[in-house]
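Protein chains in written order, with the working numbering: chain A, 1239 to 1457; chain B, 1239 to 1457. Ideal Cβ placement from N, Cα and C applies to all residues, glycine included. Fair warning: this is a prediction, and the values are worked out from it, not measured in the lab.
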DNA sequence: CGCGTGTTTGATAGCAATCAAGTTCTGTGG
DNA sequence: CCACAGAACTTGATTGCTATCAAACACGCG
């Protein structure tokens, strides 16, 4: 197994218990496989579908005409995505590594499980999404490069129960999520490592050595 | 009347027709008045309430411990807000100027109008919210100061049908929305004015002189 | 008319971007 | 199993944008 190219569901689902409607997607969703960097949906597609990560990881991205890119979020096993649109998606979604996803048509879920069940399911996912985005807004608008990277590592570490956290994304993806350049991300990682706050055995996995310090730096 | 301290509903609602459930809030909402800078809800309050602006304008803000502030959104007459939370608000909301708001308890609306009506209402508002936030993420993460200010002015101008657009917020609020300092916002405004792209008769109102250029600058 | 708040303008500093090599990692084929 | 090529990451030097510090200006209000 190559570091970072797979991201096992066993590991990930353990610490991310499914939502209040655990079986909803499993029951009505179609299982789909995607390779690394493969597109799951595009910016202009109609948005009747909802998605849940089974294994692997997903990013949603928005591009500017000149190529600048902003990653809206990363999704891990158990996470629901694809709700972030009105009539059509504003972001596209791609697999970060080999990824398995459940896809369900909203209408089909309504017919099979009832409108209420779906709406509760979507409401939960949406609340999480709005929450996440608000943190992200504050991070992008008001945090320094160091604070951004510290916040990000802390978030990834908290998602994992293991002491060794895996990064399913590369430095460029981190940079596009944090509103930084790849070089700055790299420098901040080095800096945090030099300060013995985190330790990277490889560039795709790390341990938090000094959690208090990391939290302080992340504000 | 002091420039910018009031923001008439007649002017604002004209171009912001209410949503698919036009009377929902008007029917069940309690009318509330807030003075400039008065708090409408706080970060820790429980979140069973939904709000709609009648007149005036509202900002949602998030503070860091050291005082750095990020404004999540501005809401104008017709806009629904207060949906941006799970169990408790993550942002607080304050009136930008003297403001009238309709407040309704979700439960009350459910009882009176039915769960479906409320859920459609909230779904619409939420979709708008997610959309807005995605634009905001891209703006904060990847746009330059000039692009940020141009985007912002364009957004405000588009919201208004009148050729003369009113800004209900001051420079500091703009800065905290755009992830800039007040000085940088001021400089960019001056720059856009010098280039004859916009014109500010006062610092709270402006006209777009060269829309194509403004759009180009906003990317 | 003068004060205070909010805005603009100016000078300087600093953080992160850019440009440019190196270095390590990864995957492939001999 | 090792050698090599390409990609990803790190490190270094420099630039440049935006923040910071500071002062002047404008406007609304008492």
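- DSSP places residue 1289 of chain B inside the beta strand (DSSP E), whose first and last residues are 1287 to 1293.
- Under the DSSP assignment, residue 1424 of chain A falls in the alpha helix (DSSP H) whose first and last residues are 1420 to 1432.
- Here the alpha carbons of residue 1333 of chain A and residue 1274 of chain A stand approximately 5 Å from one another.
- Residue 1321 of chain A is not a Cβ neighbour of residue 1415 of chain A, given a cutoff of 9 Å.
- Listed by position along chain A, the residues whose Cβ is nearer than 7 Å to that of residue 1306 of chain B are 1380.
- Interface criterion not met: the Cβ of residue 1403 of chain B is under 9 Å from no Cβ in chain A.
- No Cβ of chain B is located within less than 9 Å of the beta carbon of residue 1410 of chain A.
- Contact annotation: the segment 1377 to 1387 of chain A touches the segment 1296 to 1314 of chain B, with at least three C-beta pairs closer than 8 Å.
- Contact between the segment 1347 to 1355 of chain B and the segment 1445 to 1457 of chain B is absent: fewer than 3 CB-CB pairs across the two stretches fall below 8 Å.
- Chain order gives the chain B residues near residue 1372 of chain A as 1298, 1300, 1308, 1310, 1322, 1323, 1328, 1329 and 1371, where near means a beta carbon separation below 9 Å.
- In this structure, residue 1363 of chain B lies near residue 1288 of chain B, with their beta-carbon atoms less than 9 Å apart.
- With a threshold of 9 Å between beta carbons, residue 1417 of chain A makes contact with chain B.
- Bridge partners of residue 1414 of chain B according to DSSP: none are assigned.
- Contact between residue 1286 of chain B and residue 1343 of chain B is confirmed by a C-beta separation of about 6 Å, below the 8 Å threshold.
- Below the 9 Å Cβ cutoff, chain A contributes 1353, 1354, 1357 and 1361 as neighbours of residue 1357 of chain B, in chain order.
- Residue 1300 of chain B: member of the beta strand (DSSP E) spanning 1296 to 1301, first to last residue.
- Here residue 1405 of chain A is buried: its Cβ has 16 or more other Cβ atoms, across all protein chains shown, within 10 Å.
- In this structure, the straight-line span from the alpha carbon of residue 1316 of chain A to that of residue 1368 of chain B is close to 21 Å.
- Nearest neighbour of residue 1394 of chain B by Cα position, chosen from B/1304, B/1268, B/1361 and B/1313, turns out to be B/1313.
- With respect to the C-alpha of residue 1436 of chain B, the residue from B/1401, B/1354 and B/1297 having the closest C-alpha is B/1401.
- Shortest Cα-Cα distance from residue 1301 of chain B to any of B/1318, B/1280 and B/1290 involves B/1280.
- Your pair residue 1264 of chain B and residue 1340 of chain B checks out as a contact, with CB atoms roughly 7 Å apart and the cut at 8 Å.
- Using a Cβ-Cβ cut-off of 7 Å, residue 1422 of chain B is close to nothing in chain A; its nearest Cβ partner there is about 13 Å away.
- Going by beta carbons, residue 1442 of chain A and residue 1423 of chain A fall outside the 9 Å limit.
- In the three-state reduction of the DSSP assignment, residue 1280 of chain A falls in the coil class.
- The three-state reading of DSSP puts residue 1329 of chain A in coil, since its state is none of H, G, I, E or B.
- By a beta-carbon distance limit of 8 Å, residue 1387 of chain B contacts residue 1426 of chain B. Their separation comes to about 4 Å.
- In the three-state scheme derived from DSSP, where H, G and I count as helix and E and B as strand, residue 1308 of chain A is classed as strand.
- With at least 16 other beta carbons inside 10 angstroms of its own, residue 1267 of chain B counts as buried.
- Residue 1389 of chain B is outside the set of residues whose beta carbon lies under 9 Å from a beta carbon in chain A.
- For residue 1269 of chain A, the uninterrupted beta strand (DSSP E) run begins and ends at 1268 to 1272, by DSSP.
- Residue 1393 of chain A has a beta carbon lying at 9 Å or more from every beta carbon in chain B.
- Residue 1445 of chain A has A/1402 and A/1437 as its beta-bridge partners, per DSSP.
- Chain order gives the chain B residues near residue 1364 of chain A as 1364 and 1368, where near means a beta carbon separation below 8 Å.
- If you draw a straight line from the Cα of residue 1269 of chain B to the Cα of residue 1291 of chain B, it is about 10 Å long.
- The alpha-carbon separation between residue 1351 of chain A and residue 1337 of chain A amounts to approximately 26 Å.
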